[in-house]
Amino acid sequence: MNNNAQTMSRFQQICQNCQVPTSLVEDHAAGDLICSECGLVLEQRTIDESTEWRSFSNSESTGSDPNRVGGPTNPLLRDGGLSTVIGKGDSAGSAATQLSRLQNRGSNPDRNLISAFGAIGEMADRLGLVPTIKDRANELFRDISDLKSIRGRSASAVHAACLYIACRQEDKPRTFKEICAVARDTNTREIGRCFKFILKGLEATMQNEMNQHMLRPGDLLRRYCSTLALPNDAIRAVVMAVEKFLDLRAATSSSHKSQNSVAAAGIFLITYALKEKPDLRMISQVAGGAEATIRASYEG
76 MNNNAQTMSR FQQICQNCQV PTSLVEDHAA GDLICSECGL VLEQRTIDES
126 TEWRSFSNSE STGSDPNRVG GPTNPLLRDG GLSTVIGKGD SAGSAATQLS
176 RLQNRGSNPD RNLISAFGAI GEMADRLGLV PTIKDRANEL FRDISDLKSI
226 RGRSASAVHA ACLYIACRQE DKPRTFKEIC AVARDTNTRE IGRCFKFILK
276 GLEATMQNEM NQHMLRPGDL LRRYCSTLAL PNDAIRAVVM AVEKFLDLRA
326 ATSSSHKSQN SVAAAGIFLI TYALKEKPDL RMISQVAGGA EATIRASYEG
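Residue numbering for the sequence shown is 76 to 375, as defined by our numbering.
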């Protein structure tokens, strides 16, 4: 037993044959549970639920990563994300690299989805979004990937539009400029066009849901104020000022100012009134609007 100390362990339990508390031996290598008194095998092929601290990465000998499994299952993919992916080797001419290249040449129906999910996940991470928003954006892209209206459009713009919609659905809205800042090879105009095409291709229920999650200045205020490190009294004053402005704008049917400009103008107004020495340039950088636009909204 001393030689097999690494593969066997003892613990107390009642044996079915002896009917008394005896010392049971668990053989981890064979998966057997054996009574030390009568030798009866009580259980066979038991599952070892302890952690196997082993890494299957290329740097297994020197790495400290204890992962012993692959990635999680993905119900959005046809194979659930459980297919085998051959990783690239250390050198260009290695056997692993050649096998990986041959595998990529084959037909993979989920190749576009995997690429899109990776791009959406990268943008979500750069914006600091929660996983639920990323998952909703992935699901939305899967649903609209076959729409004819988005064919020929920039893939990066489509990914950004899906993330923009997911943020609004989860009541964590971001502006087009914020989404565009983390997207690649696209602009706010193209993202806005893809957003409209996606809405047209979706069902009426989804369009009604988007109408209920309209972007409002109040959705941006607290995030802007938190970034600017404003005190709580100033934040409450900014919220009240912007709410009064929105009520006045609704009464006069005037809606020509953008939401982020209204939020930025409210912050500039209150900080100026509280003698906080507002930095218009800093507010412009946080809100993503031009200084002239914010000043025009403030004066108007």
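Glycine included, C-beta positions come from ideal geometry on N, C-alpha and C. It should be emphasised that the depicted structure is a prediction, and the values quoted were computed from it without experimental measurement.
Beta-carbon proximity of residue i to residue j, cut-off 8 Å
{"i": "Ile342", "j": "Val314", "result": "no"}
{"i": "Ala235", "j": "Ile266", "result": "yes"}
{"i": "Ile208", "j": "Ala241", "result": "yes"}
{"i": "Gln334", "j": "Leu305", "result": "no"}
{"i": "Arg211", "j": "Gln244", "result": "yes"}
{"i": "Leu344", "j": "Ala365", "result": "no"}
{"i": "Ala339", "j": "Ala362", "result": "yes"}
{"i": "Val257", "j": "Leu215", "result": "no"}
{"i": "Leu204", "j": "Lys252", "result": "no"}
{"i": "Asp102", "j": "Gln119", "result": "no"}
{"i": "Ile219", "j": "Gly168", "result": "no"}
{"i": "Ala170", "j": "Lys163", "result": "no"}
{"i": "Ile369", "j": "Leu349", "result": "no"}
{"i": "Leu151", "j": "Asn213", "result": "yes"}
Secondary structure of residue i, DSSP reduced to three states
{"i": "Val116", "result": "strand"}
{"i": "Cys90", "result": "coil"}
{"i": "Leu238", "result": "helix"}
{"i": "Pro206", "result": "helix"}
{"i": "Thr97", "result": "strand"}
{"i": "Ile109", "result": "strand"}
{"i": "Asp354", "result": "coil"}
{"i": "Asp165", "result": "coil"}
{"i": "Asp218", "result": "helix"}
{"i": "Asp294", "result": "helix"}
{"i": "Asp322", "result": "helix"}
{"i": "Asp185", "result": "coil"}
{"i": "Asp246", "result": "coil"}
{"i": "Asp102", "result": "strand"}
{"i": "Leu344", "result": "helix"}
{"i": "Thr172", "result": "helix"}
{"i": "Leu274", "result": "helix"}
{"i": "Asn213", "result": "helix"}
{"i": "Asp308", "result": "helix"}
{"i": "Ser359", "result": "helix"}
{"i": "Arg370", "result": "helix"}
{"i": "Gly227", "result": "coil"}
{"i": "Leu303", "result": "coil"}
{"i": "Ala365", "result": "coil"}
Contact belief for residue i with residue j at Cβ below 8 Å, rounded distance in angstroms
{"i": "Val56", "j": "Ile109", "result": "No information on residue 56 is available, as it lies outside the stretch 76 to 375 that the chain covers here."}
{"i": "Leu238", "j": "Ile195", "result": "6 Å"}
{"i": "Thr250", "j": "Ala232", "result": "With 8 Å as the limit, Thr250 and Ala232 do not qualify as a contact, their Cβ atoms being about 15 Å apart."}
{"i": "Ile399", "j": "Cys269", "result": "The chain is shown only over 76 to 375; residue 399 falls outside these bounds and no answer can be derived."}
{"i": "Val337", "j": "Ser372", "result": "6 Å"}
{"i": "Leu117", "j": "Gln91", "result": "7 Å"}
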